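This report refers to the structure that appears directly beneath it.
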Amino acid sequence: MNNIRDKIFKVRKPKPNFPVFKEIKERFSPRHFSSESIPEKDLQSILEAARWTPSGFNFQPWYFYWAKHGEASFNKIVACLAKYNRYAKNAAVLIVACYLKKSQGKKSYYRHDLGAAAMSLVLQAQHLGYYTRQMGEFNNRKLLVSLAIDKEHHPFVIIALGRLGDYEMIDSSLLKRELDPRPRKKDFVKKL
Ligand SMILES: Cc1cc2nc3c(=O)[nH]c(=O)nc-3n(C[C@H](O)[C@H](O)[C@H](O)COP(=O)(O)O)c2cc1C
1 MNNIRDKIFK VRKPKPNFPV FKEIKERFSP RHFSSESIPE KDLQSILEAA RWTPSGFNFQ
61 PWYFYWAKHG EASFNKIVAC LAKYNRYAKN AAVLIVACYL KKSQGKKSYY RHDLGAAAMS
121 LVLQAQHLGY YTRQMGEFNN RKLLVSLAID KEHHPFVIIA LGRLGDYEMI DSSLLKRELD
181 PRPRKKDFVK KL
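Using UniProt numbering, the first residue of the sequence shown is number 1, and each one after it goes up by one.
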């Protein structure tokens with residue numbers, strides 16, 4: 001029995017009011033990852049899930065750049081993260097999720113579409129037993145200077161991906177954040 005893990009799961013795992021499928025019921029965004037490498041076929045499945053996301057005009061305005069733990073590009077991504085996001089240095093993979101600013105007519109969908117693609121990726125990862133945490137706080141300018149990202153692709157979130165870390169080894173400041181409550185609002189649906 002892992003007491004710390006049980007305590008964290010108690011706070012972080014969803015408690016749905018109605019039945020939802022397993023990946024939604026299990027998913028939460030941890031800050032404590034294992035660097036254990038992810039087999040190529042799992043990584044490809046996770047990215048493939050994003051490819052089949054619906055998008056406005058079928059523009060598919062998403063681009064994902066990724067790097068594995070230990071690689072120079074991985075370390076460069078870590079260096080761009082806001083300090084309080086540096087827990088992600090232990091993830092197995094970091095993914096820079098970008099949108100292409102593409103519009104037609106009056107309405108633009110690219111941020112919505114990237115968010116949807118990111119969520120497909122997140123749920124496929126969860127299905128395969130991996131966890132993710134999306135991070136919007138990073139130094140965009142530094143990222144563009146230090147990595148080979150197409151200038152038309154706008155980095156929007158960085159996604160940490162990997163197995164859960166061993167919670168017995170978590171440092172105390174992270175543990176405190178992992179035990180923060182995970183409130184969910186109730187008044188988001190209204191029958192018309
Ligand atoms: C667009 C976006 C940006 C986020 N930025 C950060 C971030 O910079 N740092 C961080 O630790 N978490 C970040 N998160 C994670 C959220 O804080 C987290 O999803 C939220 O607290 C709900 O928790 P849950 O994912 O476990 O349900 C971000 C999530 C999203 C979707």
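In this text, a Cβ means the ideal position worked out from N, Cα and C, and glycines have one as well. What you are looking at is a predicted structure, and each value in this text was computed from that prediction instead of being measured.
| Asked | Found |
| --- | --- |
| Quick one: residues in its chain with C-beta nearer than 7 Å to the C-beta of VAL157, no 5 flanking neighbours on either side, listed in chain order? | ALA97, ALA118, GLN134, MET135 and GLY136 |
| Any beta carbon from chain B within less than 7 Å of GLY136's own beta carbon? | Here there is only one protein chain, and chain B is not present. |
| Answer yes or no: do TRP62 and LEU114 have a C-beta to C-beta separation smaller than 7 Å? | yes |
| Within 6 Å: the Cβ of MET119 and any heavy atom of ligand 1? | no |
| If you drop the 5 nearest sequence neighbours on each side, which residues of the same chain put their C-beta closer than 8 Å to that of PHE28? | ARG12, LYS13, PRO14, TYR131 and ARG182 |
| Which residue's Cα is closest to the Cα of ALA91: ARG163, ILE149, LEU123 and ILE170? | ARG163 |
| Pull up the DSSP beta-bridge partners for SER108, would you. | SER103 |
| Quick one: which unbroken alpha helix (DSSP H) runs of 4-plus residues sit fully inside the segment 9-75? Chain order, please. | 22-26 and 40-51 |
| With a threshold of 6 Å (Cβ to nearest heavy atom), would GLN124 be considered close to ligand 1? | no |
| Helix, strand or coil for ILE4 per DSSP? | helix |
| Heavy atom of ligand 1 less than 6 Å from the Cβ of GLY105, yes or no? | no |
| Look at the alpha carbon of CYS80 and the alpha carbon of LEU161, and state the distance between them as a whole number of angstroms. | 17 Å |
| Using a threshold of 7 Å, state whether the C-beta atoms of LEU144 and TYR87 are closer than that. | no |
| Does DSSP classify LEU144 as helix, strand or coil? | helix |
| Given a threshold of 16 other Cβ atoms within 10 Å of its Cβ, counted over all protein chains shown, does PHE177 qualify as buried or as exposed? | The displayed chain sequence assigns Arg, not Phe, to residue 177. ARG177 comes out exposed. |
| Would you call the CB atoms of LEU123 and ASP42 closer than 7 Å? | no |
| Can you pull the DSSP bridge partners for ALA134? | It is worth fixing the name first, because residue 134 is Gln in this sequence and not Ala. Per DSSP, ILE159. |
| Distance, Cα to Cα, PRO155 vs HIS112? | 14 Å |
| Would you kindly check if the distance between the Cβ of TYR109 and the Cβ of GLY56 is under 7 Å? | yes |
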